[in-house]
Amino acid sequence: MLTIRLIGPPSLERDGSPAPPPRGAKSWALLAVLLTAEVPPSRRRLASLLFPEADDPLAALRWNLSVLRGALGPSAALLGDPVTVELAPDDRVDVALLRAPLGEALHDDELLRLGGQLLEGLTVQAGPAFDSWLLVTRLAVQAGCRAVLHDAGLHRLSTGRPHAAAALAARALELDPHSADDHALVVRALLSAGETRAAAGQVDRCRRIFRDDLGADLPDVVLRASRRRPPPPDAPSVAVSAVSAASYLEAGRASLGVGAVDVAEQQLRRAVEMARLVGDADLSARALVTRAGGLIHGSGARGVDVAAMLHEGLALARHADNTEVAAAVCRELAFLGVQLGHRARVDAWLDEAGRFDVGEEEQARALGIRGMSRSDAAAYPEALDALEASVRLATGAGADRQAAWSMTMVGRVHLVRGDPGAAIPVLDTALRVLEDTGWLAFLPWADAWRAEAALDVGDLDTASGLLDRAWVLATEAGDHCWMATVARGQARLESARGDRDRAVGWVRTGLRPSPWYVWPVAHLLDAGCAVALAADPTLAREWAQDLHRVAAGAGLREHVVRALVWRSRLGDPGAAESARLAAHGIDNPALDALLLTVGGRRG
């Protein structure tokens, strides 16, 4: 069995013993590019990325491929154009763990080794384009390591292995000591294991870290984790039974349907507690996923609190053989991953959801999340295929809200690709459905995109009305992600009116709450660079750097390119060439037009 380690100092092992590595840093770099690529790269792209100064770049690529074949052995194959890597079924690659499903196949010892930088300690002289690729990929891999460790820790906790959960969360904290969710997970796991003194010590360590490093108080999520689960609220007039629990569950669903989120939370909390008391795994799973979904989509809850509910619900749904609930949990976990830009975990959860036999409405929801994720990653044709399939399935199943959700995402793709003519009719249809069904929680997102379409065609009055309504609804709901999206539209509107100061002010307003969903943050920063470029180059440079960091860590490919374009326009040497190569494979005419402003086309 061959084991390839690219995270940390790169190495090869064969049957558990060290194996001779490939000769040369560029051979390692080539292997890293091949094994981290979402789609196989062409030979021309590999040659331009790794061997731009060679007299014959393609010949240099062929030689390095032959070096890799010799090091990997006869069971491995590096073939074709684009170049694909085929390994034996039992071979292991550490970067593949980041997108592996969570099951017993992911051993604790493998997971605990994750960490460090991609190709740590290796110096590769290949030019600015490779340097940019390496920076972006290292950030994405580091984020992926933290995400899979956190996921695995929650999985271990929900399946009765709290000590393993604590160890995995502690390893994640080594990679990011400021992760409040991982501190909370350690505390939860230690309390579950009966280690009350150790849990209190972890809370104290977290308090010191946040105070000394960030000047902040102990995060609320850690404080909540440190408190033992309270007993269910007294309700002497209601007997604790499966019938009562199911009644609270149905009442909570009804409250969610009319937008009474706070009422629904109390009803669903009661349903969860009662279902636990009567020991009904199926009912507990249904109550947990409904409660978590209500918190996520109704009040913008995120982080370890709702993720823990979902992992517990998944374990119970599997025990009860409830495939519909198990698929819903995987889909909700994928949604949380989309918002954080954890692309590998999103794919893992959606692939897991796809293994369950479910109805058309649940399929439509999963396809909607996959389309959202592919859109964020700038894989626009794949995104449209998934989203349009989602609309068809949702419409056929009578799931009007899901159809409107997916239609809004379709409209977003068209707008990002510079096609307001295609976006306007689908967004108008989505808005009619949202208004007819009274889904006010989602309306600000659709309003904001329809306003962007209006701005693209010069209709400032329509844009203004939509943005004003969206801002009121977003701020009343307290949804920071919606607020960032609406703030971007407001900034564009003020810029179109010629008021750059107000435009910059809107960008600052949208960024201030630190929204959870990273894609709107990146999109807002991109707009900020545009409005600040002429008026305040220093601010534009700061926002371009922030955009590059945020986009790279979340795998937002197009926004990485946009950050490089802004940096080039602000005088960063080499950024234009890096942008050209980073844009390879992104099918977006609007991005092509932006690249022309710095004298380049996609590589």
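Its first residue numbered 67, the sequence shown is counted upward by one per residue in the working numbering. Each residue gets a CB set at the ideal place from its N, CA and C atoms; glycine is no exception.
Does the Cβ-Cβ distance between residue i and residue j come in under 8 Å?
i, j, result
"Gly576", "Ala550", "yes"
"Gly487", "Ser456", "no"
"Gln191", "Arg204", "no"
"Val573", "Leu559", "no"
"Trp129", "Leu185", "no"
"Ala670", "Ala536", "Examination of residue 670 is not possible in this model, given that the chain is present from 67 through 669 alone."
"Arg397", "Ala419", "yes"
"Trp609", "Gly621", "no"
"Ala671", "Leu533", "Since the displayed the chain opens at 67 and closes at 669, residue 671 lies outside it and no answer follows."
"Asp476", "Val492", "One point to set straight first is that residue 476 is Val, not Asp, in the sequence displayed. Yes, the Cβ-Cβ distance between Val476 and Val492 is below 8 Å."
"Glu378", "Leu354", "yes"
"Gly360", "Ala507", "no"
"Tyr446", "Asp592", "no"
"Val207", "Ile73", "yes"
Using only the alpha-carbon positions, how far apart do residue i and residue j sit?
i, j, result
"Asp122", "Ser77", "29 Å"
"Ser321", "Glu261", "39 Å"
"Arg222", "Pro228", "6 Å"
"Asp147", "Ala410", "24 Å"
"Glu176", "Ile435", "29 Å"
"Ser292", "Phe276", "16 Å"
"Gly640", "Leu661", "13 Å"
"Leu220", "Glu316", "28 Å"
"Val324", "Ala489", "28 Å"
"Val616", "Ala265", "32 Å"
"Gly136", "Leu68", "13 Å"
"Ala648", "Ala312", "52 Å"
"Leu289", "Val372", "15 Å"
"Leu539", "Leu509", "8 Å"
"Leu673", "Gly531", "Residue 673 lies beyond the stretch modelled for the chain, which goes from 67 to 669, so this question has no answer here."
"Asp174", "Leu168", "11 Å"
"Asp247", "Val269", "12 Å"
Applying the 10 Å Cβ sphere with the 16-neighbour rule, what's the burial state of residue i?
i, result
"Ala392", "buried"
"Ser350", "buried"
"Arg336", "buried"
"Val306", "exposed"
"Thr474", "buried"
"Ala301", "Because the pLDDT of Ala301 is 48, which lies under 50, any placement of that residue in the model is unreliable, and the number read from its coordinates should be weighed accordingly. Exposed."
"Thr356", "buried"
"Pro285", "buried"
"Ile70", "buried"
"His249", "buried"
"Val424", "buried"
"Ser441", "buried"
"Val214", "buried"
So, with DSSP's three-state summary, where would you put residue i?
i, result
"Val190", "coil"
"Leu68", "strand"
"Ala301", "A caution first: Ala301 carries a pLDDT of 48, below 50, which makes its placement in the model unreliable, though a value can still be read off. Of the three classes helix, strand and coil, the one that applies to Ala301 here is coil, per DSSP."
"Pro579", "coil"
"Glu418", "helix"
"Arg290", "helix"
"Thr528", "helix"
"Val151", "strand"
"Arg237", "helix"
"Val523", "coil"
"Arg158", "strand"
"Leu506", "coil"
"Leu185", "coil"
"Glu119", "coil"
"Asp423", "coil"
Going by DSSP, what residue range makes up the alpha helix (DSSP H) through residue i?
i, result
"Ile435", "Glu426 to Asp442"
"Pro84", "Note, Pro84: premise wrong, no alpha helix (DSSP H); beta strand (DSSP E) at Ser83 to Ala85."
"Val370", "Val370 to Ala386"
"Arg135", "Pro123 to Leu138"
"Arg16", "No statement about residue 16 is possible, as the shown extent of the chain runs from 67 to 669 and does not include it."
"Trp94", "Ala91 to Thr102"
"Ile362", "Ala347 to Ser365"
"Leu599", "Val584 to Ala601"
"Trp632", "Arg623 to Arg635"
"Val482", "Asp466 to Val482"
Please confirm whether residue i has its beta-carbon closer than 8 Å to some beta-carbon of chain D.
i, result
"Gly82", "Of the chains in the structure shown, none is chain D; there is only one protein chain."
Over what stretch of residues does the beta strand (DSSP E) that includes residue i continue unbroken?
i, result
"Arg336", "First-last for Arg336: Val327 to Val344, but that is the alpha helix (DSSP H), not the beta strand (DSSP E)."
"Pro76", "It is not in any beta strand (DSSP E) - Pro76 carries neither H nor E in the DSSP assignment."
"Ala143", "Ala143 to Leu145"
"Glu261", "Counting along the chain, Glu261 falls outside any beta strand (DSSP E), and DSSP gives it neither H nor E."
"Glu448", "Per DSSP, Glu448 belongs to no beta strand (DSSP E); it is in the alpha helix (DSSP H), Tyr446 to Gly462."
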